[in-house]
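Numbering (our numbering), first residue to last: 256 to 416.
Idealized CB from N, CA, C, for every residue including glycine.
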């Protein structure tokens, strides 16, 4: 899920005279690149064209599920040329799924009395851990509402589970 889009507008030395920086824009998101959903129309701040510029706009994306984001640019700050620019765009997300497992997914020869752990997904109420010797036929082993699982409690046998 997308949380915030941070935008630094175009800030070239001619910015105040030409105004390439984006002014009015509609942000659109998509999960497949085919169907697009428009968020609210917004206005980016104008950059001054100075080397000390370090101001940015933070646009809340409200946790929208999306794989793609596009900007439907309506106008720039100059209004003279049909050219538009941004200096930088960053996205932050809300991690809703477990990630960074330790040991890593697909690891082999893990001791049966190990503790496995992961960074929990923020919206997850439970995490399911599967184990087995065949990666194409993993069996359900246990579920945890925490971000770790002590494998010793499962009675595993090295090389057999």
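Contacts around residue i, its chain only, beta-carbon distance under 8 Å, and the 5 residues preceding and following it disregarded
{"i": "residue 351", "result": "256, 376, 377, 378, 379"}
{"i": "residue 356", "result": "371, 372, 373"}
{"i": "residue 394", "result": "385, 386, 387"}
Residue of the options minimising C-alpha distance to residue i
{"i": "residue 412", "options": "346, 387, 341", "result": "387"}
{"i": "residue 270", "options": "338, 381, 407, 296", "result": "338"}
{"i": "residue 303", "options": "263, 288, 286, 282", "result": "263"}
{"i": "residue 326", "options": "364, 410, 260, 400", "result": "260"}
{"i": "residue 361", "options": "353, 390, 286, 354", "result": "390"}
{"i": "residue 402", "options": "330, 410, 354", "result": "354"}
{"i": "residue 297", "options": "309, 410, 363, 330", "result": "330"}
Exposure label - residue i; buried when at least 16 CB within 10 Å
{"i": "residue 301", "result": "buried"}
{"i": "residue 299", "result": "buried"}
{"i": "residue 265", "result": "buried"}
{"i": "residue 404", "result": "buried"}
{"i": "residue 305", "result": "exposed"}
{"i": "residue 316", "result": "buried"}
Cut-off 6 Å between Cβ atoms - residues of its own chain near residue i, not counting five sequence neighbours on either side
{"i": "residue 284", "result": "292, 319, 321, 324"}
{"i": "residue 383", "result": "398"}
{"i": "residue 344", "result": "262"}
{"i": "residue 312", "result": "262, 299, 300"}
Under 8 Å between C-beta atoms of residue i and residue j
{"i": "residue 335", "j": "residue 280", "result": "no"}
{"i": "residue 332", "j": "residue 274", "result": "yes"}
{"i": "residue 367", "j": "residue 406", "result": "yes"}
{"i": "residue 244", "j": "residue 277", "result": "The question about residue 244 has no answer here: the residues shown for the chain are numbered 256 through 416."}
{"i": "residue 385", "j": "residue 396", "result": "yes"}
Cβ shell of residue i (< 7 Å), same chain only, five flanking positions each side left out
{"i": "residue 348", "result": "256, 257, 258"}
is_contact[residue i, chain C] using C-beta, thresh 8 Å
{"i": "residue 276", "result": "In summary, chain C is missing from the structure at hand, where a single protein chain is found."}
For residue j and residue i, believed in contact at Cβ under 8 Å, the rounded distance
{"i": "residue 400", "j": "residue 381", "result": "5 Å"}
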